[in-house]
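Just so we're on the same page, my numbering is the position in the sequence shown counted from 1, plus 38.
Glycine included, C-beta positions come from ideal geometry on N, C-alpha and C.
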Amino acid sequence: MNVEENIELVRTFIRKFWNEGDRECVDRYLREDYIDHAYEPKNAEGLVNMACLLHTAFPDQFSAVESMIGQGDRVVVRLRMTGTHEGNFRGTEASGNRVDVKLYREYRLEDGKIVEHWALFDTASLFRQIGAELNQQPACQVKKN
């Protein structure tokens, strides 16, 4: 695939997976040996766990693409996530507060599939907006009950 096709694939994945909540699309967009450098576990399960956590806490969350750049097999995206805090997020009960948070995602693609993902999420800003206490817990680790 060329750079433009990679960019379009990532744009579609963000729309379907993050914004529409289509968890089943991971089979279509992620390669079987996908590695996630942002979430635990470091595979598609970690990615889905984080998406479920965010959609539970912020059911109306939406990630708007502010910029997207592709080079070779990489696509980097600057996003703005907005939503309403309507569910528990990392121990902080729903505040009803609107949130507006910046995040960056980098994807590496091979043969029309995403094979690696990195993310930088302004968790401190999100915590301030929902009235949460900052702590030493890894920001992207999802603990199962």
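Taking all protein chains shown into account, decide if Asp74 is buried (16 or more other Cβ within 10 angstroms of its Cβ) or exposed. Within the sequence shown, the letter at position 36 stands for residue 74. Buried.
Below 8 angstroms between beta carbons: does that hold for Leu68 and Ile152? The residue labelled residue 68 in the question sits at position 30 within the sequence shown. The residue labelled residue 152 in the question sits at position 114 within the sequence shown. Yes, Cβ-Cβ distance for Leu68 and Ile152 is below 8 angstroms.
If you measure between the beta carbons of Arg118 and Ala170, is that distance less than 8 angstroms? To locate residue 118, count along the sequence shown from 1; it is residue 80. To locate residue 170, count along the sequence shown from 1; it is residue 132. With respect to the 8 angstroms criterion, Arg118 and Ala170 are not classified as neighbours on the basis of their beta carbons.
If we count the other Cβ atoms within 10 Å of its Cβ and call it buried at 16 or more, is Asn44 buried or exposed? Position 6 of the sequence shown holds residue 44. Counting Cβ neighbours within 10 Å, Asn44 comes out buried, since at least 16 surround it.
Please tell me whether Leu47 and Leu147 are closer than 8 angstroms, where the distance is taken between their beta carbons. Position 9 of the sequence shown holds residue 47. Position 109 of the sequence shown holds residue 147. Yes, these two residues count as a Cβ contact at 8 angstroms.
Once you ignore the five residues that flank Asp60 on each side, which residues in its own chain have a CB closer than 7 angstroms to its CB? By 1-based counting over the sequence shown, the position of residue 60 is 22. If we look at Asp60 and ignore the five residues flanking it on each side, its Cβ neighbours are Lys54.
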